[in-house]
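Chains as they are written, first to last, in this note's numbering: chain W, 2 to 275; chain Z, 2 to 275.
Backbone N, C-alpha and C define an ideal beta-carbon position, used for all residues, glycine too.
Just so we're clear, the structure is a prediction, and the values are computed from it rather than from any experiment.
Note sheet for the following structure.
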């Protein structure tokens, strides 16, 4: 398990939050999990852009971006080798009641963890299909918000410990993504990944892979993926800001032959400067 | 605004929780909001039963019921007149990651608030239909869990401050309930309320009203309620453990004639011993 190296609450060292914080009371907030490599946060701009978009969509007053960048840079400076920075932004403290009208001051919780460097598992990882079916809520889809009970339940299903990740389907049987990752299929040299406008999270690595695919000579499509399409894909991989691009060797009983496109994408993304 | 009279974390006075609490990180927990009247918590057994059922459904190790009762009774003893006790139970602190396997120790946050006695508004309150459509997640339906962003968004819509409550519909246009209440329709002397097995919360006052309806000579039905049925109901009321049975005078543009059944139920429930 990753060891915790430090916590800063609103920029100051600390390890607790007031119990009236709306993040605790209602899950009223957002988070980002970022990879630190050589004291630099990978894809920091993309993480902050998603966070600020989330604040806008939830009506949370956005923390000052310059302060955020300063705190993140300071934390990253203290690291050696690989680390993880988790930034949580809540609507802050408030009186009882759901309504978020009135003045709130967002609260920031920045936690730094030691982490081993992710190893690109060339042999691939095993996935399973979650028993839990994901609900569709367009108002929250795409956001990395703090209402994560579906993910908790899916990741706690029997047998999950034997898999790297579980893929979540919606009520129509379409693939949404993993509990902590986005998923891509490769079909005839093209990348396919599901949209994230009704459920799921708009992953930072997902957006990086989509952006980089052209440079690798690969077409990509964002479209609905029926669960059954997993069985006819040439390759499958999952993405996550912390672990990068991870080849999948099996989903449930179905196995894939590794033919190298995923490995090429993984190496390309890992080699990016950011 | 209600004043806070005290907070106890795991039975000890305190006002903060560790930032690695899963309630904050993932909304991984449950809560109860209870009314204290004459130093007694109303419907305590029903609140605790719902909480423990929620723990079971989420796989949260339930806090010891005797300790909970003791803490609640001690807090209630300190009150004069009316008060509100909010009990929050989270899965407790844990390492990063959604999976809830392994040993967790639930954390309890008990907050006591001063509150005016609810007044039965004989003239009724005004409701509106929320713009937000509720997602259906049977795995979470009925529970008073900490993933409440839908409620926050609905209660933060423009114009909400001019209403007592907003009614939420599902994607099929069926009534789920209010953001902080359950809803009942009266049709030809019968009570009708929507099921809470696909969305919504199984309110404690809702269960009390259903239980007591027979004693008042009223039939009741738990069944789907299309939004349009609100316009043909004879009376409408909402329920909530803190405020009791509240007559509704209008939903959006549609007004109701008060013909007394709601007032009778409200008075009966208010007069119950518990």
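Could you tell me the alpha carbon to alpha carbon distance between residue i and residue j, rounded to whole angstroms?
i, j, result
"residue 257 of chain W", "residue 49 of chain W", "35 Å"
"residue 23 of chain W", "residue 150 of chain Z", "10 Å"
"residue 83 of chain W", "residue 69 of chain W", "20 Å"
"residue 60 of chain W", "residue 107 of chain W", "11 Å"
"residue 54 of chain Z", "residue 145 of chain Z", "10 Å"
"residue 219 of chain Z", "residue 45 of chain Z", "25 Å"
"residue 112 of chain Z", "residue 31 of chain Z", "14 Å"
"residue 196 of chain Z", "residue 202 of chain Z", "9 Å"
"residue 128 of chain W", "residue 79 of chain W", "35 Å"
"residue 280 of chain W", "residue 126 of chain W", "For residue 280 of chain W there is no data in the structure shown, the boundaries of chain W being 2 and 275."
"residue 98 of chain W", "residue 166 of chain Z", "11 Å"
"residue 222 of chain W", "residue 172 of chain W", "22 Å"
"residue 52 of chain W", "residue 91 of chain W", "11 Å"
"residue 264 of chain Z", "residue 248 of chain Z", "7 Å"
"residue 157 of chain Z", "residue 148 of chain Z", "16 Å"
"residue 183 of chain W", "residue 116 of chain Z", "46 Å"
"residue 7 of chain W", "residue 71 of chain W", "15 Å"
"residue 4 of chain Z", "residue 85 of chain Z", "10 Å"
"residue 2 of chain Z", "residue 77 of chain W", "Residue placement at residue 2 of chain Z is flagged as unreliable, the pLDDT there being 44, under the threshold of 50; a coordinate-derived value is accordingly withheld."
"residue 269 of chain W", "residue 141 of chain Z", "40 Å"
"residue 252 of chain W", "residue 130 of chain W", "7 Å"
"residue 238 of chain W", "residue 94 of chain Z", "31 Å"
"residue 187 of chain Z", "residue 231 of chain Z", "10 Å"
For residue i, return the contacting residues in chain Z, with the cut-off set at a CB-CB distance below 8 Å.
i, result
"residue 146 of chain W", "150"
"residue 181 of chain W", "98 and 99"
Strictly below 7 Å CB to CB, what residues from chain W border residue i?
i, result
"residue 60 of chain Z", "157"
"residue 24 of chain Z", "25"
"residue 16 of chain Z", "19 and 20"
Does residue i pass the burial test, meaning 16 or more other C-beta atoms within 10 Å, or should it be called exposed?
i, result
"residue 104 of chain W", "exposed"
"residue 233 of chain Z", "exposed"
"residue 175 of chain Z", "buried"
"residue 160 of chain W", "exposed"
"residue 28 of chain Z", "buried"
"residue 13 of chain Z", "exposed"
"residue 260 of chain Z", "exposed"
"residue 155 of chain Z", "buried"
"residue 96 of chain W", "exposed"
"residue 75 of chain Z", "exposed"
"residue 274 of chain W", "exposed"
"residue 255 of chain Z", "exposed"
"residue 198 of chain W", "exposed"
"residue 47 of chain Z", "buried"
"residue 162 of chain W", "exposed"
"residue 138 of chain Z", "buried"
"residue 267 of chain Z", "buried"
"residue 143 of chain W", "buried"
For a contact defined as C-beta to C-beta under 9 Å, what are the partners of residue i on chain W?
i, result
"residue 10 of chain Z", "20"
"residue 133 of chain Z", "138 and 140"
Just to confirm, does residue i get its C-beta within under 6 Å of one of the non-hydrogen atoms of the ligand MG?
i, result
"residue 25 of chain W", "The ligand MG is absent from the structure shown, which contains no ligands of any kind."
Residues of chain W with a CB under 8 Å from the CB of residue i: which are they?
i, result
"residue 102 of chain Z", "157, 161 and 162"
"residue 87 of chain Z", "97"
"residue 110 of chain Z", "20 and 25"
"residue 69 of chain Z", "Chain W residues near residue 69 of chain Z: none, gap ~17 Å exceeds 8 Å."
Can you pull the chain Z residues whose beta carbon is under 9 Å from the beta carbon of residue i, in chain order?
i, result
"residue 137 of chain W", "136, 137 and 172"
"residue 129 of chain W", "By Cβ distance, chain Z contributes nothing, its closest Cβ being about 13 Å from residue 129 of chain W, past 9 Å."
"residue 141 of chain W", "136, 150, 151 and 154"
Given that residue i touches chain Z, what residues does it touch there, using C-beta distances under 7 Å?
i, result
"residue 28 of chain W", "28, 147, 148, 149 and 150"
"residue 114 of chain W", "97"
Handout entry: Secondary structure, beta strand (DSSP E): runs of 3+ residues fully inside the region 90-152 of chain W
Key = 108-115 and 126-135
Problem - 3 or more residues per run - each beta strand (DSSP E) lying fully within the region 9-97 of chain W - result: 17-19, 30-38 and 83-91
Handout entry: Segment contact, 8 Å Cβ cut-off, at least three pairs: the region 199-209 of chain W with the region 237-244 of chain W
Key = yes
Practice task
Please specify which runs of the beta strand (DSSP E), each continuous and at least 3 residues long, are wholly inside the region 199-224 of chain Z, giving them in chain order.
Solution key: 221-223
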